[in-house]
Amino acid sequence: MYSVEVHPDVYAELEHSRSWYEERAGNLGTEFIIEVDRAIEKVRESPLAWPVLYEDRSIRRYLVHRFPYGVIYRFRDHLIQIIAVMHLCRHPDYWRGRVLNW
Numbered sequence: 003m004y005s006v007e008v009h010p011d012v013y014a015e016l017e018h019s020r021s022w023y024e025e026r027a028g029n030l031g032t033e034f035i036i037e038v039d040r041a042i043e044k045v046r047e048s049p050l051a052w053p054v055l056y057e058d059r060s061i062r063r064y065l066v067h068r069f070p071y072g073v074i075y076r077f078r079d080h081l082i083q084i085i086a087v088m089h090l091c092r093h094p095d096y097w098r099g100r101v102l103n104w
């Protein structure tokens with residue numbers, strides 16, 4: 003498996019989403035985090051298996067099971083960089099600035 007590096011902003015995104023789900027139903031926030039962890043593990047196992055979003059930068063997206071989120075990542079030099087864990091229906095390109103600075 004490959005190494006994974008997570009952009010620092012991803013942690014705040016995850017906590018915000020976890021908290022939102024937890025307010026809606028007990029334990030749903032925890033289930034969200036578990037699904038995101040599973041998604042990242044799937045990406046680690048086969049980083050080239052998921053669709054390319056932006057050909058020029060080899061940005062790919064893995065859809066999280068049960069939740070309307072995608073793990074946005076880049077694979078290069080045997081390293082997986084998690085750029086964002088984004089809601090699929092809200093501000094779809096907010097994370098693009100992270101790619102330029104990372």
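For the sequence shown, the working numbering gives the first residue as 3, with consecutive numbering after it.
We treat Cβ as the ideally placed atom computed from N, Cα and C, and that holds for glycine.
Distance CB(residue i)-CB(residue j) smaller than 7 Å
i: R46; j: V6; result: yes
i: F77; j: P53; result: no
i: I84; j: V12; result: yes
i: V101; j: R59; result: yes
Which listed residue (the options) has its alpha carbon closest to that of residue i
i: S21; options: D11, R62 and F34; result: F34
Coarse secondary structure for residue i, derived from DSSP in three states
i: H80; result: coil
i: Y56; result: strand
i: H18; result: helix
i: G28; result: coil
Residues that residue i bridges to, as DSSP identifies them
i: I74; result: R63 and A86
i: V8; result: I84
Whole-Å CB distance - residue i paired with residue j, under 8 Å assumed
i: H89; j: Y71; result: 6 Å
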